[in-house]
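Participant:
Numbering (the working numbering), first residue to last: 66 to 209.
Right under this line is the structure:
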């Protein structure tokens, strides 16, 4: 399964990978990583399943976490899915959400999400995995 992930977007340690219908996900160093599979439509049902996996397996108590989503090869995200990802159900345990982009198309995918409506979490686009990890690991009290 790890061979499906881009070389620059793979776990650094020995962590469990989960292959879902639309993504491969893992949790490492308080960050939930999401690789959106190419050529898959990301439906609301798949978004809910991904969120439930995170909440059920990794989220603890009232802790807050960051997420990094690689959309460099992803299809556009449908409106109902974007709305779900900015809903309280999906964002209750998240503080920061980073998108990895590398092309005008992946920037469009991320921009659809970011500009759709005001999100209760910080969202930012990155071209670099390292920069996205650094941003996600900043303390909640840090101001940019």
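For each residue, glycine too, the CB sits at the ideal point set by N, CA and C.
(1) Shortest alpha-carbon distance to residue 105 belongs to which of 113, 173 and 139?
(2) Let me check understanding here. Comparing Cα to Cα, which of 99, 78, 112 and 168 lies closest to residue 69?
(3) Are the segment 108 to 123 and the segment 165 to 174 touching, with three or more C-beta to C-beta distances below 8 Å?
(4) Look at residue 162 and residue 134 and say whether their C-beta atoms are less than 9 Å apart.
(5) Could you tell me the distance, in whole angstroms, from the CA atom of residue 123 to the CA atom of residue 158?
(6) In or out: residue 208 buried (at least 16 other Cβ within 10 Å) or exposed?
(7) Rounded C-beta distance between residue 191 and residue 197? I'm assuming under 8 Å.
(8) Return the Cβ separation of residue 87 and residue 136 in integer angstroms, given the expectation that the two are a contact with Cβ distance under 8 Å.
(9) Can you tell me the Cβ-Cβ gap for residue 97 and residue 150, rounded? I've got them flagged as a contact below 8 Å.
(10) Check this for me: beta carbons of residue 82 and residue 111, under 9 Å apart or not?
(11) Closest to residue 128 by CA distance: which of 173, 160 and 187 is it?
(12) Is the CB-CB distance between residue 109 and residue 145 below 9 Å?
Facilitator: In short:
(1) 139
(2) 99
(3) no
(4) yes
(5) 10 Å
(6) For residue 208, the pLDDT reaches just 43, beneath the cut-off of 50, and the residue's location in the model is therefore unreliable, leaving the point undetermined.
(7) 4 Å
(8) Residue 87 to residue 136, Cβ: 11 Å. No contact.
(9) The Cβ separation is near 13 Å, so there is no contact.
(10) no
(11) 160
(12) yes
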